[in-house]
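Chains as they are written, first to last, in the working numbering: chain C, 42 to 339; chain X, 106 to 329.
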Amino acid sequence: MSSSSVLYDHPGPRARLRSHVLGVVFAVGLVALLWWIYSKFDAAGQWESSLWTPFTEAKTWTQFILPGLQATLEAAAVGMVLSLAFGLLFAVGRLSEHWWISVPAGAIVEFFRAVPLLLMIFFIFYGVPFLIQGPVPAFWAVVIGLTLYNGSVLAEAFRAGIRSLPGGQSEAAYAIGMRKSQVMQLILMPQAARAMLPIIVSQLVVLLKDTALGYIVAYPELLQRGVNDLAANYGNILAAAMVVAVIYIVINSLLTALAGWLDRRTGTRGARSAKRPRLAATAGSAPEGGTTATNPQG
Amino acid sequence: MHVFTDPKNFDAYLSGFLWILKLTGASAVLALLLGVLLAAMRVSPVPVLRGVGAAWVNIFRNTPLTLIVLFCYFGLYSTLGLNLADSLDLNNYWLGVVGLSAYTAAFVCEAVRSGVNTVPAGQAEAARAIGLTFTQTLRIVILPQATRSVVAPFGSILIALCKNATIVGTIGVIEASSVMKDLLNENGDAVIPIFLVFAGTFAALLIPTGYLFGWLANRLAVKR
Numbered sequence: 042m043s044s045s046s047v048l049y050d051h052p053g054p055r056a057r058l059r060s061h062v063l064g065v066v067f068a069v070g071l072v073a074l075l076w077w078i079y080s081k082f083d084a085a086g087q088w089e090s091s092l093w094t095p096f097t098e099a100k101t102w103t104q105f106i107l108p109g110l111q112a113t114l115e116a117a118a119v120g121m122v123l124s125l126a127f128g129l130l131f132a133v134g135r136l137s138e139h140w141w142i143s144v145p146a147g148a149i150v151e152f153f154r155a156v157p158l159l160l161m162i163f164f165i166f167y168g169v170p171f172l173i174q175g176p177v178p179a180f181w182a183v184v185i186g187l188t189l190y191n192g193s194v195l196a197e198a199f200r201a202g203i204r205s206l207p208g209g210q211s212e213a214a215y216a217i218g219m220r221k222s223q224v225m226q227l228i229l230m231p232q233a234a235r236a237m238l239p240i241i242v243s244q245l246v247v248l249l250k251d252t253a254l255g256y257i258v259a260y261p262e263l264l265q266r267g268v269n270d271l272a273a274n275y276g277n278i279l280a281a282a283m284v285v286a287v288i289y290i291v292i293n294s295l296l297t298a299l300a301g302w303l304d305r306r307t308g309t310r311g312a313r314s315a316k317r318p319r320l321a322a323t324a325g326s327a328p329e330g331g332t333t334a335t336n337p338q339g
Numbered sequence: 106m107h108v109f110t111d112p113k114n115f116d117a118y119l120s121g122f123l124w125i126l127k128l129t130g131a132s133a134v135l136a137l138l139l140g141v142l143l144a145a146m147r148v149s150p151v152p153v154l155r156g157v158g159a160a161w162v163n164i165f166r167n168t169p170l171t172l173i174v175l176f177c178y179f180g181l182y183s184t185l186g187l188n189l190a191d192s193l194d195l196n197n198y199w200l201g202v203v204g205l206s207a208y209t210a211a212f213v214c215e216a217v218r219s220g221v222n223t224v225p226a227g228q229a230e231a232a233r234a235i236g237l238t239f240t241q242t243l244r245i246v247i248l249p250q251a252t253r254s255v256v257a258p259f260g261s262i263l264i265a266l267c268k269n270a271t272i273v274g275t276i277g278v279i280e281a282s283s284v285m286k287d288l289l290n291e292n293g294d295a296v297i298p299i300f301l302v303f304a305g306t307f308a309a310l311l312i313p314t315g316y317l318f319g320w321l322a323n324r325l326a327v328k329r
């Protein structure tokens, strides 16, 4: 945060005093607000030890939270692999020189990016069983939905990455006699994937968060097991929700930190990091062409 | 298409999308105000304000929206007894708006903060040199210029907000995705047309919005 001082002068005695006073006033207000929430919860009996002791018992963790976390991570892992494959396929498809490949690929990507993920999951879970005359497991409803949506977003990220490369790269590759598929596989894709790595990782964070939609179709993931089922046994829905929220925040913060680290690592080497002074320190820098990665979906 | 010629189903379809639009509209305004405020807090000289802004963004950006919306219902409504409207439907609607705005504000804040970064440092230095205070620098010099580069991210945030509005169905607002679920269960012979109509409506709303914001962003971009 030291670099943000461009926005204001180095504080003199009066500014420091004012800043301290403001800080204290605001801190007091904040503490009062938190205290109000605390006392309201207290009045509603939410701090009763019977609601919180379940979290000290091993059974709570082994029966509810850890299996839920495992199901969340399983759906996220399968979804990540499939959506990366989907994204690569459709990015290449949309860049194809044949209109009968690029137009349908573009239409599919645009369509799945515009449709809410929940709508897709509902269709797969409630609609597709009528078509195939058999049930669709909630796991696959969630994973296929995640793949179609996040895969489309990743396809756009890959495409932006390929297009951001200097034209000389593919020209040089053609000049030494490579075929189109070789140019794509050996020259363009590796560079694009590296340039877009931070965006790809932050989209994977979005994907992990989106697995929580599985709750709505009763897929036994973290929210279902850790909040719904746990609270059904102990009647502590708010306590359970807070614990589960902390678990999500820790996992996603770790992944976000990884994305930031990758951004700094790739940023210092590639030519794309323009050295310009920054007004405010930003965690995830705004990627060119890929604003989609900051999509607050899910 | 026989499903939608039934006036009952057609009305359900319309009211579903009306709820989506109402949720999006109210949350967009609240999230914009709150997000800009949070961004100002995050670049302010007061450490406590910076800390609160950062905590807000980290908490809300990393929690699934489903959990936030559920928490609004069970925490704010059931436990704290927060009653935002007399009728149950409207109360759930406002609880959904609170959840959506709190969540989206975190993304607005980060977008504004990156927008502030695109303004050259010389602008802020010049503003300070002529004696403007921090709030004046931000209000008169930095934010108006940052607005131009923030148009494109705001577009994608708005589109995501509209899609996220479907999640409020979890707490009992009969929005588009809940309507579609019911229609699918009642009309097993027409699941594909039903899905295409609902998905197509979203696409018809959101794809032009995306192009509009792309066009605006290009028009307003500062050529440096």
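Beta carbons: idealized from backbone N, C-alpha and C, even for Gly. Everything numeric in this text was worked out from a predicted model, so none of it was measured.
Cutoff 6 Å; reference residue i; Cβ partners in own chain excluding five residues on either side
i	result
L123 of chain C	T188
Y182 of chain X	L200
A300 of chain C	P239, V242, S243
A253 of chain C	L264
N196 of chain X	L189, A190
N277 of chain C	L92
P41 of chain C	As displayed, chain C neither begins before 42 nor continues past 339, which places residue 41 of chain C out of reach and without an answer.
Buried versus exposed, by CB contacts within 10 Å (16 or more), residue i
i	result
L123 of chain X	exposed
F115 of chain X	exposed
P176 of chain C	exposed
D294 of chain X	exposed
A84 of chain C	exposed
S80 of chain C	exposed
R154 of chain C	buried
P157 of chain C	buried
T94 of chain C	exposed
R23 of chain C	Lying before the first or after the last residue shown, residue 23 of chain C is absent from chain C, which here runs from 42 to 339.
T168 of chain X	buried
G147 of chain C	buried
R244 of chain X	exposed
Q174 of chain C	exposed
L205 of chain X	buried
V287 of chain C	exposed
A232 of chain X	buried
Distance, residue j Cα to residue i Cα
i	j	result
L154 of chain X	N163 of chain X	14 Å
L136 of chain C	Y198 of chain X	43 Å
P178 of chain C	G255 of chain C	11 Å
S282 of chain X	T271 of chain X	6 Å
C267 of chain X	L126 of chain X	7 Å
A117 of chain C	A117 of chain X	34 Å
Q111 of chain C	S132 of chain X	33 Å
L107 of chain C	T97 of chain C	14 Å
P54 of chain C	L303 of chain C	40 Å
S90 of chain C	Y275 of chain C	11 Å
G70 of chain C	V268 of chain C	31 Å
F212 of chain X	I262 of chain X	7 Å
G202 of chain C	V133 of chain C	11 Å
T103 of chain C	V285 of chain C	14 Å
N269 of chain X	A182 of chain C	18 Å
V174 of chain X	L159 of chain C	14 Å
A160 of chain X	L321 of chain X	32 Å
R306 of chain C	V246 of chain C	19 Å
A73 of chain C	V151 of chain X	19 Å
V302 of chain X	L128 of chain X	20 Å
V194 of chain C	G128 of chain C	7 Å
L172 of chain X	V273 of chain X	11 Å
I312 of chain X	W76 of chain C	45 Å
E151 of chain C	F199 of chain C	14 Å
G218 of chain C	V184 of chain C	41 Å
Beta-carbon proximity list for residue i, same chain, < 8 Å, skipping 5 on both sides
i	result
L206 of chain C	L229, Q232, A233, A236
I292 of chain C	L249
A298 of chain C	none
N323 of chain X	none
L237 of chain X	I245, V246
Sequence-distant residues of its chain with Cβ nearer than 7 Å to residue i (five each side left out)
i	result
V217 of chain X	G140, V141, A144, A251, V255
M161 of chain C	G186, L189, Y190
Cβ-heavy atom distance, residue i to the ligand ATP, below 8 Å
i	result
A85 of chain C	The model depicted lacks the ligand ATP and carries no ligand whatsoever.
Every unbroken alpha helix (DSSP H) within the stretch 212-240 of chain C, with a cutoff of 4 residues, ordered by chain: Every unbroken stretch of the alpha helix (DSSP H) spanning 4 or more residues and falling wholly within the stretch 212-240 of chain C is given here in chain order: 230-236.
Continuous beta strand (DSSP E) assignments of at least 3 residues falling wholly in the stretch 249-290 of chain C: Listed in chain order, there is nothing to give.
Residue ranges of each alpha helix (DSSP H) within the stretch 165-223 of chain X, 4 or longer: Positions of the alpha helix (DSSP H) runs, each at least 4 residues long and wholly inside the stretch 165-223 of chain X, are given as 170-176, 193-223 in order along the chain.
Sequence ranges, alpha helix (DSSP H) only - wholly within the stretch 65-90 of chain C, length at least 4: Runs of alpha helix (DSSP H) with 4 or more residues, each lying fully within the stretch 65-90 of chain C, are absent.
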